[in-house]
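Numbering (this note's numbering), first residue to last: 22 to 464.
No residue lacks a Cβ here, since even glycine has one placed at the ideal position from N, Cα and C.
These numbers come from a predicted model, not from an experiment.
Worksheet: one structure, shown below.
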């Protein structure tokens with residue numbers, strides 16, 4: 022069940038909110054847990070058992086970690102938890118012996134963070150298995166994040182309040198995300214599909230195609246994150262932000278501080294810093310960057326393109342750390358921004374194609390080295406059809422529209438009218454369209 026579907030919008034969500042708020046506060050974790058299991062079982066009826074198993078495993082490991090905290094047994098508990106979680110992830114995601122359970126990469130990292138933090142003494146043990154189950158299975162961010170560490174919502178699991186202000190703010194954020202997904206991401210996805218699955222494009226066509234993919238994946242994933250944050254707010258939770266206008270970055274270092282921030286934060290907290298971070302000299306720091314980005318690539322999937330994608334960004338980040346950032350800081354902002362965008366788009370080419378030769382071919386098309394024509398009549402047609410949409414996507418991927426809205430649409434009535442229009446147009450788009458994937462479901 023996806024957020025941008027009538028099943029979710031008109032059936033599951035209204036019923037879920039009604040039952041949730043009619044229930045006494047002490048039963049709301051139970052309602053959330055059961056409702057989330059139903060949500061997951063709608064699309065993955067068999068693998069809901071896997072998620073329950075993962076929940077039970079880390080609940081028990083958390084109890085043991087709390088009991089043995091400060092002793093050698095705590096380290097054994099931690100090793101056991103990591104081995105079980107990564108073993109499950111490796112089997113289902115990388116062995117090729119079973120279909121990939123939706124969301125396993127996200128909820129596995131979440132449950133691991135709980136056990137690790139308990140072993141470190143940074144969070145108390147959760148002894149209520151229903152509350153812990155609600156954390157693991159929580160439907161707003163179960164499928165594609167953001168990755169919410171247990172410590173970030175631990176107090177809200179025990180006690181939370183939701184008023185009209187929270188409901189209103191949550192609904193506004195949800196509608197914003199729905200608009201990003203339905204009105205922008207889906208349209209960019211259709212354009213990318215035309216080029217990526219069509220005949221060999223021209224140089225201009227290759228650039229139009231990868232620009233469409235870059236905008237699709239941004240509005241798709243950030244739209245989902247907005248909807249998740251909004252739903253969490255409605256239910257009384259404050260989820261971490263996941264995106265901060267990444268395409269305005271002037272370096273790849275800045276880009277990865279703005280894109281999928283919860284994944285970057287997870288690797289920084291549980292891999293980069295434990296390996297020594299930047300505290301043990303430059304060579305160890307560069308090694309740590311390489312390790313983190315190899316793992317980041319592998320986390321996204323079993324294909325070789327994901328490993329190469331991770332290594333690609335590792336090399337750039339290492340180059341920036343050693344020298345390139347100093348050079349970029351001295352350049353005019355426009356030059357450093359163009360550098361970052363070109364590096365990002367090249368990275369999306371590697372990411373988008375499961376086959377490395379296909380990615381290399383597309384890069385050849387973009388650079389003109391393949392001998393393809395510079396442009397075609399098809400490109401001119403697509404630019405006439407999608408030009409305004411592409412321009413809108415580029416503008417909405419910057420803070421410009423947000424800042425103008427805050428400056429000239431200060432009235433709550435105007436803001437409400439704008440979001441209501443987004444909601445109506447999104448519903449109309451869902452009724453009229455059939456192309457409605459979520460890209461990160463496969464990760």
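Same chain, Cβ closer than 8 Å to residue i, neighbours up to 5 away in sequence not counted
{"i": "residue 182", "result": "257"}
{"i": "residue 143", "result": "172"}
{"i": "residue 291", "result": "133, 134, 137"}
Own chain, CB closer than 7 Å to residue i, minus 5 neighbours either side, in chain order
{"i": "residue 296", "result": "309, 312"}
{"i": "residue 154", "result": "54, 76"}
{"i": "residue 65", "result": "122, 123"}
{"i": "residue 325", "result": "377"}
{"i": "residue 113", "result": "119, 121, 122, 125"}
{"i": "residue 375", "result": "324, 326"}
{"i": "residue 133", "result": "102, 103, 106"}
{"i": "residue 280", "result": "264, 267"}
{"i": "residue 228", "result": "387"}
{"i": "residue 459", "result": "23, 165, 241, 245"}
{"i": "residue 95", "result": "86, 89, 140"}
{"i": "residue 302", "result": "none"}
Contact check, residue i vs residue j, beta carbons under 8 Å
{"i": "residue 307", "j": "residue 342", "result": "yes"}
{"i": "residue 79", "j": "residue 135", "result": "yes"}
{"i": "residue 169", "j": "residue 395", "result": "no"}
{"i": "residue 239", "j": "residue 268", "result": "yes"}
{"i": "residue 191", "j": "residue 252", "result": "yes"}
{"i": "residue 205", "j": "residue 372", "result": "no"}
{"i": "residue 399", "j": "residue 383", "result": "no"}
{"i": "residue 410", "j": "residue 208", "result": "yes"}
{"i": "residue 24", "j": "residue 293", "result": "no"}
{"i": "residue 198", "j": "residue 247", "result": "yes"}
{"i": "residue 61", "j": "residue 163", "result": "yes"}
{"i": "residue 72", "j": "residue 128", "result": "yes"}
{"i": "residue 177", "j": "residue 259", "result": "yes"}
{"i": "residue 140", "j": "residue 88", "result": "no"}
{"i": "residue 361", "j": "residue 299", "result": "no"}
{"i": "residue 57", "j": "residue 160", "result": "yes"}
{"i": "residue 221", "j": "residue 393", "result": "yes"}
6 Å Cβ shell around residue i - same chain, five flanking residues per side excluded
{"i": "residue 212", "result": "233, 407"}
{"i": "residue 440", "result": "193, 196"}
{"i": "residue 82", "result": "98, 102, 136"}
{"i": "residue 40", "result": "52"}
{"i": "residue 331", "result": "314, 315, 317, 318"}
{"i": "residue 339", "result": "307, 310"}
{"i": "residue 397", "result": "223"}
{"i": "residue 250", "result": "194, 260"}
{"i": "residue 29", "result": "22"}
Residue i: first and last residue of the uninterrupted alpha helix (DSSP H) it sits in
{"i": "residue 259", "result": "Neither: residue 259 is in no alpha helix (DSSP H) and is coded neither H nor E."}
{"i": "residue 136", "result": "125 to 141"}
{"i": "residue 351", "result": "346 to 351"}
{"i": "residue 195", "result": "185 to 200"}
{"i": "residue 275", "result": "273 to 279"}
{"i": "residue 313", "result": "303 to 321"}
{"i": "residue 40", "result": "34 to 43"}
{"i": "residue 449", "result": "433 to 453"}
{"i": "residue 113", "result": "93 to 115"}
{"i": "residue 167", "result": "Per DSSP, residue 167 belongs to no alpha helix (DSSP H) and is neither H nor E."}
{"i": "residue 28", "result": "Residue 28 -> no alpha helix (DSSP H), and no H or E assigned at all."}
{"i": "residue 270", "result": "Unbroken run through residue 270: none, as it is neither H nor E."}
{"i": "residue 217", "result": "207 to 217"}
{"i": "residue 329", "result": "325 to 340"}
{"i": "residue 418", "result": "First-last for residue 418: undefined, no H or E at that position."}
{"i": "residue 79", "result": "69 to 88"}
{"i": "residue 157", "result": "150 to 158"}
{"i": "residue 263", "result": "Looking at the DSSP string, residue 263 is not in any alpha helix (DSSP H), and its letter there is neither H nor E."}
{"i": "residue 459", "result": "Where residue 459 is concerned, there is no enclosing alpha helix (DSSP H), given that its DSSP letter is neither H nor E."}
{"i": "residue 477", "result": "Missing from the structure shown is residue 477; the chain here goes from 22 to 464 and no further."}
{"i": "residue 64", "result": "49 to 64"}
Residue i: CB within 7 Å of a non-hydrogen atom of the ligand NAP
{"i": "residue 263", "result": "Among the components modelled here there is no ligand, and therefore nothing to report on the ligand NAP."}
(request) Counting only runs of 4+ residues fully inside the stretch 377 to 411, write out the alpha helix (DSSP H) ranges in chain order. (result) With a minimum length of 4 residues, the continuous alpha helix (DSSP H) runs that stay inside the stretch 377 to 411 are 377 to 388.
(message) Ignoring anything shorter than 3 residues, give me the beta strand (DSSP E) runs that lie fully in the stretch 219 to 250, in order along the chain.
(response) With a minimum length of 3 residues, no continuous beta strand (DSSP E) run stays inside the stretch 219 to 250.
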